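In our numbering, the protein residues as written are 5 to 341.
Heads up, the thing below is written out as structure tokens.
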């Protein structure tokens, strides 16, 4: 068990030391939220920063290949928010967020196995793993690389992983869900092999089912199998209007005073409120942090933006004070999603 409380250089060294194994990091909240997202990229991408030596020539970078498991009271996105940063979809995919509560009333545990409380079972496990650790991993490696299994190891992993994904990955899932499911499939396959080798003492399919529960919990956290980036962008845009709708939009059809730091106008229609946003504000504020063309495409697909007769998302309209100009018109359908 290692700690998140380390510098970039320290975590690079830790990752390199755990090459081809598992790196377990505790207490995500201890890492500086300004750098948490970058560290998620660093660990998952398998290579340290490129640095120069004393002569100015490039030094050899540390590299690794591993799975890493993190624990903490907050998830990556929530932790980064403390520093005013928004987690990127790529960062959240590299550090998949899964709730620890098993939902059985015992915290992280589904079964107390005869202990009087979750705390008692937890203390028993702490004592047990403090005295016995490492042996199952060595036994697994010896069995997996032995002459009996090594020749067909790759094929076995391929077949069992595909079967896991066929069982647990819903049809028409996004590439992002596919990527996460493949990671759980690898873990499930290794767990089933370890049971077959007589290492775990678990029943057949128990490791697969446990990995399936974790993957389904991840899906629930994401709100479905769709493109996570699309959901994040739509949520970001809606948050802009939730935050500024009453203060920075001037009413369209009524007399109004001066609106401080105005970003557009509102117009009430039978189906709700329409928002008229000027192009520069749309690009620099509504789309802040994202490519405006990508945001526009997703907003049109979601039915949130009005499209003009020419098929363009910028529509000509006559606005108070501004006059005739192109703008982005957000439809009431935005609030129905």
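No residue lacks a Cβ here, since even glycine has one placed at the ideal position from N, Cα and C.
Owing to the predicted nature of the structure, the values given are computational and were not obtained by experimental measurement.
Beta-carbon proximity of residue i to residue j, cut-off 9 Å
{"i": "residue 47", "j": "residue 19", "result": "yes"}
{"i": "residue 279", "j": "residue 321", "result": "no"}
{"i": "residue 32", "j": "residue 75", "result": "yes"}
{"i": "residue 299", "j": "residue 290", "result": "yes"}
{"i": "residue 85", "j": "residue 37", "result": "yes"}
{"i": "residue 183", "j": "residue 96", "result": "no"}
{"i": "residue 307", "j": "residue 337", "result": "yes"}
{"i": "residue 203", "j": "residue 143", "result": "yes"}
{"i": "residue 186", "j": "residue 164", "result": "no"}
Other residues of its chain near residue i: CB distance less than 8 Å, five sequence neighbours each side excluded
{"i": "residue 283", "result": "318, 330, 331, 332"}
Status (buried if at least 16 other CB within 10 Å, exposed otherwise) for residue i
{"i": "residue 212", "result": "buried"}
{"i": "residue 189", "result": "buried"}
{"i": "residue 1", "result": "Since the first residue shown for the chain is 5 and the last is 341, residue 1 is missing from the structure and cannot be characterised."}
{"i": "residue 215", "result": "buried"}
{"i": "residue 241", "result": "buried"}
{"i": "residue 309", "result": "buried"}
{"i": "residue 83", "result": "buried"}
{"i": "residue 41", "result": "buried"}
{"i": "residue 64", "result": "exposed"}
Residues of its chain near residue i, where Cβ-Cβ distance is below 6 Å and the 5 sequence neighbours each way are ignored
{"i": "residue 114", "result": "106, 108"}
{"i": "residue 79", "result": "101"}
Residue i Cβ short of 8 Å to the ligand HEM heavy atom set
{"i": "residue 25", "result": "The ligand HEM is not part of this structure, which contains no ligands at all."}
For residue i, the residue or residues it bridges with in DSSP
{"i": "residue 30", "result": "7"}
{"i": "residue 74", "result": "29"}
{"i": "residue 340", "result": "Partner(s): none; residue 340 has no beta bridge."}
{"i": "residue 272", "result": "277"}
{"i": "residue 322", "result": "328"}
{"i": "residue 309", "result": "334"}
Residues near residue i by beta carbon distance below 7 Å, same chain, minus five either side
{"i": "residue 236", "result": "93"}
{"i": "residue 153", "result": "147"}
Identity of the residue in the options nearest residue i by Cα
{"i": "residue 35", "options": "29, 21, 9, 25", "result": "9"}
{"i": "residue 197", "options": "121, 77, 148, 49", "result": "148"}
{"i": "residue 138", "options": "271, 14, 25, 15", "result": "25"}
{"i": "residue 303", "options": "313, 323, 170, 334", "result": "334"}
{"i": "residue 222", "options": "272, 103, 327", "result": "103"}
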